[in-house]
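Peer 1:
Structure follows, in structure tokens:
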């Protein structure tokens with residue numbers, strides 16, 4: 582049975598998202614294993630959300646996937662207080678006011694604070 586065009590596109594998007602989330606440092610077996618875990622979850626979330634899964638069911642499923650990814654990769658989310666901008670990963674000091682204003686102006690709600698890498702690569706923009 583052939584998949585309709587819309588579902589095929591959604592499946593391709595899910596595959597791309599899963600591929601982007603796979604840890605690039607591992608070997609082929611590890612990468613394939615991670616992809617095999619990520620792809621079905623992401624595909625199910627997209628399909629169910631687009632094809633009328635209830636909001637409560639979608640939120641519960643999303644929370645489960647976020648927990649799985651957090652447990653797998655040891656990620657933590659840190660929020661900058663009162664800014665409306667979420668800092669993903671480890672926050673290294675105060676967030677500059679210009680960055681908060683630029684995020685609000687451009688509608689950005691999450692940023693990565695990677696200022697700790699400036700010592701190893703000082704040519705990066707500040």
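In this note's numbering, the protein residues as written are 582 to 707. Note that beta-carbon positions come from the ideal geometry of N, C-alpha and C, so glycine has one too. Quantities reported herein were computed from a predicted structural model and do not represent experimental measurements.
Where does residue 623 land, buried or exposed, given buried means 16+ other C-beta within 10 angstroms?
Peer 2: Under this definition residue 623 is a buried residue.
Peer 1: Between which residues of its own chain and residue 661 is the CB-CB distance below 6 angstroms, once the five residues before and five after are set aside?
Peer 2: For residue 661, the predicted model reports a pLDDT of 47, less than 50, meaning its position is unreliable; a value from the coordinates is still stated below. These residues qualify, in order along the chain: 668, 676.
Peer 1: Is the beta carbon of residue 643 sitting closer than 9 angstroms to the one on residue 626?
Peer 2: Yes, they are a contact pair.
Peer 1: Can you have a look at residue 620 and say buried or exposed, based on whether 16 or more other CB atoms are within 10 angstroms of its CB?
Peer 2: So residue 620 counts as buried.
Peer 1: Is residue 581 buried or exposed, if buried means 16 or more other CB atoms sit within 10 Å of its CB?
Peer 2: This structure does not reach residue 581, given that the chain is present from 582 up to 707, and the question cannot be answered.
Peer 1: Apart from the five residues on each side of it in sequence, which residues of its chain come closer than 8 angstroms, Cβ to Cβ, to residue 683?
Peer 2: Excluding sequence neighbours, residue 683 sits near 689.
Peer 1: Could you tell me which whole beta strand (DSSP E) segments of length 3 or greater appear in the stretch 604 to 684?
Peer 2: List check, beta strand (DSSP E) in window: 658 to 660, 667 to 669.
Peer 1: Measuring only the C-alpha atoms, how far is residue 652 from residue 584?
Peer 2: Rounded to whole angstroms, residue 652 to residue 584 spans 33 angstroms at the Cα level.
Peer 1: Give the straight-line distance between the Cα atoms of residue 599 and residue 616, rounded to the nearest whole angstrom.
Peer 2: Their backbone Cα atoms lie some 6 angstroms apart in a straight line.
Peer 1: Is the separation between the beta-carbon of residue 597 and that of residue 604 shorter than 9 angstroms?
Peer 2: No, these two residues do not count as a Cβ contact at 9 angstroms.
Peer 1: Return the CA-CA distance between residue 590 and residue 695, expressed in angstroms with no decimal places.
Peer 2: Distance between the alpha carbons of residue 590 and residue 695: 33 angstroms.
Peer 1: What distance in whole Å lies between the Cβ atoms of residue 650 and residue 656, which are believed to be in contact at a cut-off of 8 angstroms?
Peer 2: So it is a contact: roughly 7 angstroms between Cβ atoms.
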